[in-house]
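Engineer: Starting off with a structure, shown below.
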Amino acid sequence: ILFSGDVFGSHYFDSRIFDDLVGDFDYAFKYYYDHIMRPFKTDVLNALRLYEPLEIEIIANLHGPIIRDNPNKYLNLYKKWSNKDEKLHRRKVVSIFYVTSYKNTKDMAQSIFDGIESNDSLIANIYDLTALDESNMISILEESTGIIIGAPTINGDVPKPVWDLLSCMMLIEKRGKLGGCFGSYGWSGEAVEMMNSRLKSLKFRVPLTPIKIKLIPTKEELLDCYDFGREFGEVVNGKMVEMTLN
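Numbering (the numbering used here), first residue to last: 4 to 249.
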């Protein structure tokens, strides 16, 4: 019997206690992993290595059904979810997420993307946040070494899709990840500072001073965005010293 504590648990209660009596609880099992264990994937893998020599017949966790029907299924699911795909990490990934109202932030995002792409050793991706759900966000965040977020300021605040993304960051392992921010504004421009502050509070390294542009970016300002992306990519690759004090 493996007394696993929080590991292999579920946010789920059934008076029948055992998994083979409860029936299908896969959704609850995955939900628990995503929201409780996912930030500790490295620790999960270390624990799984300790379990490998054991012939486990029952997993007695603290939360959810006790697992006695095919415990290897659940051991293998944790291994699958926690393992990092080595192929993805041969080249570091930088992902840009943005929300746009009048295309200004989108134009900035594209120029930053072009700057990152100028470094052949990186994989650059760009995403409109309104087209992503939470599971997409988490998967992209996990595979990315660099994460850059862009948003306009709306009523003195950050748009909701960006707050949703920042909330997802609590569910991932952040060691070694770098963050950056940019945005456009018409009046006050608080969104950029809010995003930057949140990244720092989440323990991201924020290597560059955020970039924000009033209204429609000029050609010169888009060149500044390109340089921001290029320099961010150089920091990700360890070729440039970080410019801001965190």
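Note that CB positions come from ideal geometry on N, CA and C, so glycine has one too. Model, not experiment: these values are computed from the prediction.
Starting from tyrosine 188 and walking both ways along the alpha helix (DSSP H), at which residues does that stretch end?
Structural biologist: Along the sequence shown, one-based indexing puts residue 188 at 185. That residue, tyrosine 188, is in no alpha helix (DSSP H); its beta strand (DSSP E) goes 181-188.
Engineer: Answer yes or no: does any C-beta atom of chain B fall closer than 7 Å to that of cysteine 171?
Structural biologist: Of the protein chains in the structure, only one exists, and it is not chain B.
Engineer: Helix, strand or coil for arginine 178 per DSSP?
Structural biologist: Taking the first residue of the sequence shown as position 1, residue 178 is located at position 175. The answer is coil: DSSP assigns arginine 178 none of H, G, I, E or B.
Engineer: Tell whether a beta-carbon distance below 7 Å holds between arginine 178 and isoleucine 126.
Structural biologist: Mapped onto the sequence shown, residue 178 falls at position 175. Mapped onto the sequence shown, residue 126 falls at position 123. Contact: no.
Engineer: Mark phenylalanine 207 as exposed unless 16 or more other C-beta atoms lie within 10 angstroms of its C-beta, in which case mark it buried.
Structural biologist: Position 204 of the sequence shown, counted from the start, is the residue given in the question as residue 207. Under this definition phenylalanine 207 is a buried residue.
Engineer: Where does leucine 91 sit, in a helix, a strand or coil, going by DSSP?
Structural biologist: To locate residue 91, count along the sequence shown from 1; it is residue 88. Per-residue confidence for leucine 91 stands at a pLDDT of 49, beneath the threshold of 50, marking its modelled position as unreliable; no derived number is given.
Engineer: Under a Cβ-count criterion, where at least 16 other Cβ atoms within 10 Å of its own Cβ denotes burial, should serine 147 be classed as buried or exposed?
Structural biologist: Taking the sequence shown and counting its residues from 1, one reaches residue 147 at position 144. Buried.
Engineer: Quick one: what's got a C-beta closer than 7 Å to threonine 247's C-beta in the same chain, skipping five residues either side?
Structural biologist: The count along the sequence shown starts at 1 and reaches residue 247 at position 244. Low per-residue confidence applies at threonine 247: pLDDT is 48, beneath 50, and the placement is therefore not dependable, though the value from the model is reported in the following sentence. Once the five neighbours on either side are set aside, the close Cβ partners of threonine 247 are Val209, Pro210, Leu211, Thr212.
Engineer: Tell me which same chain residues have a C-beta within less than 8 Å of the C-beta of valine 102, skipping the five on either side of it?
Structural biologist: Here residue 102 refers to the residue found at position 99 when the sequence shown is read from its first residue. Cβ within range, chain order: Thr108, Asp131, Leu132, Thr133, Gly153, Ala154, Pro155, Pro162, Pro164, Val165.
Engineer: Let me know the secondary structure DSSP gives glycine 149 once reduced to three states.
Structural biologist: Here residue 149 refers to the residue found at position 146 of the sequence shown. Strand, per DSSP.
Engineer: Thinking arginine 233 and asparagine 122 are a contact (beta carbons under 8 Å), I'd like their distance in whole angstroms, please.
Structural biologist: Counted from its first residue, the sequence shown places residue 233 at position 230. Counted from its first residue, the sequence shown places residue 122 at position 119. Contact holds; Cβ gap of about 7 Å.
Engineer: Between which two residues does the alpha helix (DSSP H) carrying phenylalanine 235 extend?
Structural biologist: Here residue 235 refers to the residue found at position 232 when the sequence shown is read from its first residue. Counting along the chain, the alpha helix (DSSP H) containing phenylalanine 235 begins and ends at 222-239.
Engineer: One question on the structure: do valine 25 and aspartate 17 come within less than 7 Å of each other, judged by their Cβ atoms?
Structural biologist: Translated into positions along the sequence shown, residue 25 becomes position 22. Translated into positions along the sequence shown, residue 17 becomes position 14. Going by C-beta atoms, valine 25 is nearer than 7 Å to aspartate 17.
Engineer: Let me make sure I understand the geometry here. Which of Ile62, Ser7, Asp72 has the alpha-carbon closest to that of aspartate 23?
Structural biologist: As a position in the sequence shown, residue 23 is number 20, starting the count at 1. Checking every option, the nearest Cα to that of aspartate 23 belongs to Asp72.
Engineer: Looking only at its own chain, which residues have a Cβ that is under 6 Å from the Cβ of phenylalanine 231, when we skip the five neighbours before and after it?
Structural biologist: Sequence index remark: in the sequence shown, residue 231 carries index 228 (1-based). Within the same chain, phenylalanine 231 has close Cβ partners Ile115, Ile214.
Engineer: Taking 6 Å as the limit between beta carbons, can you name the residues of its chain near asparagine 64, skipping five residues before and five after?
Structural biologist: Sequence index remark: in the sequence shown, residue 64 carries index 61 (1-based). These residues qualify, in order along the chain: Ser7, Phe11, Gly12.
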